[in-house]
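Comments concern the structure below.
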Amino acid sequence: MTTTTVEKPERKQGMYEVVMEQFAHAADIMDLDPGVRKILATTNTEIVVHFPVRLDSGKIEVFTGYRVQHNNALGPYKGGLRYHETVDIDAARALAIWMTWKTALAGLPFGGAKGGIQLNPKEYSMGELERITRRFTYSLGDNIGPDLDIPAPDINTNAQIMAWIADTFSSTKSPATRFGNLHVVTGKPMGAGGLEGRDRATGFGVVATLKSWSARRKKPLKGMRYIVQGFGNVGYWTSHFLQKEGATLIAVQDATATLHNANGIDIEALLAHSDASGRNIKGFSGAKEMEPKEFFALDCDIVVPAALGNQINGENAGGIKAMVVAEGANGPTNTEGERVLREKNIDIIPDILCNSGGVIGSYFEWLQNKRSEIWKIEEVLEMLQEKMDDAFTKVADTAAEFKVDWRTSAYIVALRRLEKTYKERGIFP
Ligand code: NAD
18 MTTTTVEKPE RKQGMYEVVM EQFAHAADIM DLDPGVRKIL ATTNTEIVVH FPVRLDSGKI
78 EVFTGYRVQH NNALGPYKGG LRYHETVDID AARALAIWMT WKTALAGLPF GGAKGGIQLN
138 PKEYSMGELE RITRRFTYSL GDNIGPDLDI PAPDINTNAQ IMAWIADTFS STKSPATRFG
198 NLHVVTGKPM GAGGLEGRDR ATGFGVVATL KSWSARRKKP LKGMRYIVQG FGNVGYWTSH
258 FLQKEGATLI AVQDATATLH NANGIDIEAL LAHSDASGRN IKGFSGAKEM EPKEFFALDC
318 DIVVPAALGN QINGENAGGI KAMVVAEGAN GPTNTEGERV LREKNIDIIP DILCNSGGVI
378 GSYFEWLQNK RSEIWKIEEV LEMLQEKMDD AFTKVADTAA EFKVDWRTSA YIVALRRLEK
438 TYKERGIFP
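Residue numbering for the sequence shown follows the numbering used here, beginning at 18 and increasing consecutively.
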């Protein structure tokens, strides 16, 4: 008898597995209450909606949208909506769980959620995207709301999309409650109830954590060279604020190209180019295109992943030469990537701390709308800086207390707060 061995393709670790491994590791170390552990290992609600939209051609297409609400022990669910081909129930679950840890760590009165639509927005016109967004909002119905679940921008969604969501949601309610529903989403444009400074809040926060890292390690940011993956909201604003600290952007990668210039890339010129070319960096004359695979191995001091999840992994982590990885993206480092970075003594500023400026800015916008106020950018950035510094200090102190890395200590700070809430409040009935 002859036997044929069929080689199984290697299965890639998904973001959901990564977040659950991180959770289990921290829960073991801090000895999390077993009941609370069970609750937090599960998502509260998972919503999948299929909805039709008429395209410009007259044809009808049916889209699939997701919203996963992980936990609301600390307050209304909060988290972004992503428009991308990789959006599915597992990705939404993982990202919702990270949001629960992030809001708990930042000391906000929010829980965690995430969602989106599986599509490539570049394939649709503005009119189509507006109809898709409005119909998705309508399909979610009363599963979102200013005191229930408050979406925000994420990959490929922006202030305009948030304005359409707010308008659609409010338009389906009684006119008398219209302005009481403005804060159903955050990250809105200024004319539609947005907060001055929310656009830059995530990048500002990434750099706030790098400043804290630099002070602790006694390594000045001035003169450092950094590389950034993703040149969208987070990638651009992080580059902008790091440059203000005297550091130099030497390489940047997006979905279309990988660019390198050892003498430094002009960030504002790159933004102008990207804006003019449909948010693509390809074709920018101020840097040379290079092989994408060699990006993370470039000689530099700081790596900022600010695009998709699982980008730093067993295949490329060994090549990283930087002193620190500042996780602007959610879940950019998988378990094997993290193990390799630790072996090489490379610091990791974990996503739930590093990119929490976004949700903190969203909290300010939510409060501003709730109180019918209009806040100034100076006060917003000052309050943001203070919250980021507080969170960093808590993470560093807890790391020293438990003798663990910063990711584990960030989890412990978040899980302690959730555990205390459950213990004090009890479980209904
Ligand atoms: P964005 O849509 O504005 O930008 C995404 C960028 O990633 C684009 O430049 C895109 O070209 C690039 N990209 C996509 N696929 C890529 C690939 N395969 N290789 C390299 N680059 C690729 O999105 P954003 O809002 O800047 O979000 C980026 C990351 O930051 C996401 O992980 C998001 O969850 C996280 N985040 C965003 C916020 C926020 O306030 N926007 C807050 C916290 C965390």
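Backbone N, C-alpha and C fix where the C-beta goes; we use that ideal spot for every residue, glycine too.
Do the CB positions of residue i and residue j come within less than 8 Å of each other?
{"i": "T255", "j": "G345", "result": "yes"}
{"i": "I64", "j": "L157", "result": "yes"}
{"i": "T226", "j": "L384", "result": "no"}
{"i": "E436", "j": "D50", "result": "yes"}
{"i": "M241", "j": "I319", "result": "yes"}
{"i": "A274", "j": "E306", "result": "yes"}
{"i": "M400", "j": "G222", "result": "no"}
{"i": "F301", "j": "Q246", "result": "no"}
{"i": "Y380", "j": "F127", "result": "yes"}
{"i": "T117", "j": "Y155", "result": "no"}
{"i": "H101", "j": "N173", "result": "yes"}
{"i": "A408", "j": "A232", "result": "no"}
{"i": "D48", "j": "P93", "result": "no"}
{"i": "D111", "j": "V35", "result": "According to the sequence provided, residue 111 is Ala. The question's Asp does not apply to it. Yes."}
{"i": "L57", "j": "N88", "result": "yes"}
Output the boundary residues of the alpha helix (DSSP H) element that contains residue i.
{"i": "K95", "result": "It is not in any alpha helix (DSSP H) - K95 instead sits in the beta strand (DSSP E) that spans Y94 to Y100."}
{"i": "R234", "result": "A218 to R234"}
{"i": "K119", "result": "I106 to L122"}
{"i": "F503", "result": "Only positions 18 to 446 of the chain appear in the structure, and residue 503 is not among them; the question remains open."}
{"i": "G417", "result": "A quick correction: the sequence has Ala, not Gly, at residue 417. Its alpha helix (DSSP H) spans residues I394 to F419."}
{"i": "Q328", "result": "Counting along the chain, Q328 falls outside any alpha helix (DSSP H), and DSSP gives it neither H nor E."}
{"i": "H200", "result": "No alpha helix (DSSP H) holds H200; DSSP gives it neither H nor E."}
{"i": "A177", "result": "The sequence given here has Gln at residue 177, not Ala. Q177 -> alpha helix (DSSP H) spans A176 to S188."}
{"i": "K261", "result": "N250 to K261"}
{"i": "E285", "result": "I284 to A293"}
Three-state secondary structure (DSSP) at residue i?
{"i": "R356", "result": "helix"}
{"i": "K437", "result": "helix"}
{"i": "Y141", "result": "coil"}
{"i": "Q135", "result": "coil"}
{"i": "I377", "result": "helix"}
{"i": "G345", "result": "coil"}
{"i": "D316", "result": "coil"}
{"i": "L432", "result": "helix"}
{"i": "A268", "result": "strand"}
{"i": "K25", "result": "Residue confidence is low: K25 scores 47 on pLDDT, short of 50, so the model does not pin down where it sits. Its coordinate-derived value is still stated next. It is coil, neither helix nor strand."}
{"i": "G208", "result": "helix"}
{"i": "G162", "result": "strand"}
{"i": "A130", "result": "strand"}
{"i": "K239", "result": "coil"}
{"i": "I444", "result": "coil"}
{"i": "T350", "result": "strand"}
{"i": "G31", "result": "coil"}
{"i": "V36", "result": "helix"}
{"i": "E390", "result": "coil"}
{"i": "K305", "result": "strand"}
{"i": "T20", "result": "Here the model assigns T20 a pLDDT of 45, short of 50, so the residue's position is not dependable, and the following value carries that caveat. Reduced to three states, the DSSP call for T20 is coil."}
Report the CB separation of residue i from residue j in whole angstroms; it is logged as a contact under 8 Å.
{"i": "A90", "j": "A113", "result": "Wrong, their Cβ atoms sit about 14 Å apart, outside the cutoff."}
{"i": "D166", "j": "N175", "result": "20 Å between Cβ atoms; not a contact."}
{"i": "H277", "j": "L315", "result": "7 Å"}
{"i": "A218", "j": "G378", "result": "3 Å"}
{"i": "V397", "j": "G214", "result": "4 Å"}
{"i": "R54", "j": "A44", "result": "5 Å"}
{"i": "A14", "j": "P367", "result": "Given a span of 18 to 446 for the chain in the structure shown, any question on residue 14 remains unanswerable."}
{"i": "V357", "j": "A334", "result": "4 Å"}
{"i": "I282", "j": "L266", "result": "5 Å"}
{"i": "L212", "j": "W392", "result": "6 Å"}
Which stretch, first to last residue, makes up the beta strand (DSSP E) that contains residue i?
{"i": "E63", "result": "T62 to R71"}
{"i": "P51", "result": "Unbroken run through P51 is the alpha helix (DSSP H), P51 to L57; no beta strand (DSSP E)."}
{"i": "I13", "result": "Look at the range of the chain in this structure, 18 to 446, and you will see that residue 13 is not part of it."}
{"i": "L276", "result": "T275 to H277"}
{"i": "D364", "result": "D364 to I366"}
{"i": "I244", "result": "R242 to Q246"}
Among the candidates the options, whose CA atom is the shortest distance from the CA of residue i?
{"i": "G82", "options": "E441, T265 and Q135", "result": "Q135"}
{"i": "G252", "options": "P322, A293 and S302", "result": "P322"}
{"i": "G412", "options": "R110, A121, R54 and G52", "result": "At residue 412 the sequence reads Val, which differs from the Gly that was named. Looking at the Cα atoms, A121 is the closest of the given residues."}
{"i": "Q39", "options": "A264, R424, G443 and E147", "result": "R424"}
{"i": "V104", "options": "P138, L125 and P309", "result": "P138"}
{"i": "K205", "options": "N386, K393, E441 and E395", "result": "N386"}
{"i": "E308", "options": "S294, G295 and Q270", "result": "Q270"}
{"i": "I444", "options": "G52, E34 and K228", "result": "G52"}
{"i": "F248", "options": "A286, K239 and G263", "result": "A286"}
{"i": "P168", "options": "G133, L146 and S294", "result": "G133"}
{"i": "F68", "options": "C317, R148 and T189", "result": "R148"}
{"i": "R84", "options": "Q30, S142, F153 and E140", "result": "F153"}
{"i": "N250", "options": "K235, N297, Y243 and K228", "result": "N297"}
{"i": "W181", "options": "L212, V376, G162 and L146", "result": "L146"}
{"i": "T59", "options": "G75, R99, V430 and D107", "result": "D107"}
{"i": "A279", "options": "L238, A272 and A268", "result": "A268"}
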